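So the number in my numbering is just where the residue sits in the sequence shown, counting from 1, plus 25.
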Amino acid sequence: MTTKRIVIAGTFDILHPGHVFLISEAAKQGEVIVVIARDDNVLHAKGRQVIVPEKQRLFMVQALKGVSKAILGKPGPDFVGIVEELEPDILLLGPNQKMDLVQVQTRLQQRGLKTKVMRLNRLFDEFPLNSTTKIIEKAYANRKGQH
Numbered sequence: 026m027t028t029k030r031i032v033i034a035g036t037f038d039i040l041h042p043g044h045v046f047l048i049s050e051a052a053k054q055g056e057v058i059v060v061i062a063r064d065d066n067v068l069h070a071k072g073r074q075v076i077v078p079e080k081q082r083l084f085m086v087q088a089l090k091g092v093s094k095a096i097l098g099k100p101g102p103d104f105v106g107i108v109e110e111l112e113p114d115i116l117l118l119g120p121n122q123k124m125d126l127v128q129v130q131t132r133l134q135q136r137g138l139k140t141k142v143m144r145l146n147r148l149f150d151e152f153p154l155n156s157t158t159k160i161i162e163k164a165y166a167n168r169k170g171q172h
């Protein structure tokens, strides 16, 4: 039996427990390939600059336990192209990624891909700083003296 290929895609701007949890859950299903969003793509998608540059984010994610391979995504808004190249068995979305599961599945099928799109439905909440936004807010509050 061949190992399943699981693709996760995201910004991974400030690494946090939610990222580690997503990767560890994906690793239970197979070989994990992480696609790191390009700096320009994040700006267009989220309307804000990244804090950590793409090459540094790639370096950090490559070092995480459970990651078989990490790569930079392609420039531009069409994420389907990289999925097409990688031909994973599963595209795993994180619980807070705003992509619609059915729309993503339809786009992949229209390109002839048999990749199954799934979402990790559990948000990791064992620690309070479990998202990039929460870490940024905490750092800002600390800087202003609002512990």
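C-beta atoms are modelled at their ideal positions from N, C-alpha and C, and glycine is treated no differently. The structure presented is a predicted model; accordingly, all values stated were derived computationally and were not measured.
Practice problem: Could you spell out the range, first to last residue, of the alpha helix (DSSP H) harbouring ARG63? | Solution: Here residue 63 refers to the residue found at position 38 of the sequence shown. Taken as a continuous stretch (DSSP letters only), ARG63 belongs to no alpha helix (DSSP H), as it is neither H nor E.
Self-check item: In DSSP terms, what GLU151 is bridged to
Solution: Your numbering for residue 151 matches position 126 in the sequence shown. GLU151 pairs with nothing; no bridge assigned.
Quiz item: Mapping DSSP to helix, strand and coil, what is GLU162?
Solution: Along the sequence shown, read from residue 1 onward, the residue named residue 162 stands at position 137. Helix.
Quiz item: Just how far apart, CA to CA, sit THR157 and GLY137?
Solution: Translated into the one-based positions of the sequence shown, residue 157 becomes position 132. Translated into the one-based positions of the sequence shown, residue 137 becomes position 112. THR157 and GLY137: Cα-Cα distance of roughly 34 Å.
Self-check item: For ILE96 and ARG132, the rounded distance between their alpha carbons
Solution: As a working mapping, residue 132 is identified with position 107 in the sequence shown. As a working mapping, residue 96 is identified with position 71 in the sequence shown. Computed Cα separation, rounded: 22 Å.
Quiz prompt | Straight-line gap, ARG148 to HIS41 (C-alpha atoms, nearest Å) | solution = Translated into positions along the sequence shown, residue 148 becomes position 123. Translated into positions along the sequence shown, residue 41 becomes position 16. The amino acid at residue 148 is misidentified as Arg; the sequence shows Leu. Computed Cα separation, rounded: 12 Å.
Exercise. Return the CA-CA distance between PRO113 and SER49, expressed in angstroms with no decimal places.
Key: Against the sequence shown, residue 113 aligns to sequence position 88. Against the sequence shown, residue 49 aligns to sequence position 24. Rounded to whole angstroms, PRO113 to SER49 spans 17 Å at the Cα level.
Quiz prompt | Proximal residues to PRO102 (C-beta, below 8 Å), its chain only, five neighbours per side dropped | solution = Sequence index remark: in the sequence shown, residue 102 carries index 77 (1-based). If we look at PRO102 and ignore the five residues flanking it on each side, its Cβ neighbours are ASN66, HIS69, ALA70.
Self-check item: Through-space distance from ASP64 to GLN74, alpha-carbon basis
Solution: What you label residue 74 is simply residue 49 of the sequence shown in a count that begins at 1. What you label residue 64 is simply residue 39 of the sequence shown in a count that begins at 1. C-alpha separation (whole angstroms): 7 Å.
Quiz item: When the Cα of VAL59 is compared with those of MET143, LYS141, PRO153, VAL108, which residue comes out closest?
Solution: Taking the first residue of the sequence shown as 1, we reach residue 59 at position 34. For VAL59, the nearest C-alpha among the options comes from VAL108.
Quiz prompt | Residue from MET85, ALA51, THR140 with nearest C-alpha to PRO120 | solution = Here residue 120 refers to the residue found at position 95 when the sequence shown is read from its first residue. For PRO120, the nearest C-alpha among the options comes from ALA51.
Quiz prompt | Check whether LEU126 and ARG144 have beta carbons under 7 Å apart | solution = On the sequence shown, residue 126 is found 101 positions in, with the first residue counted as 1. On the sequence shown, residue 144 is found 119 positions in, with the first residue counted as 1. Contact: yes.
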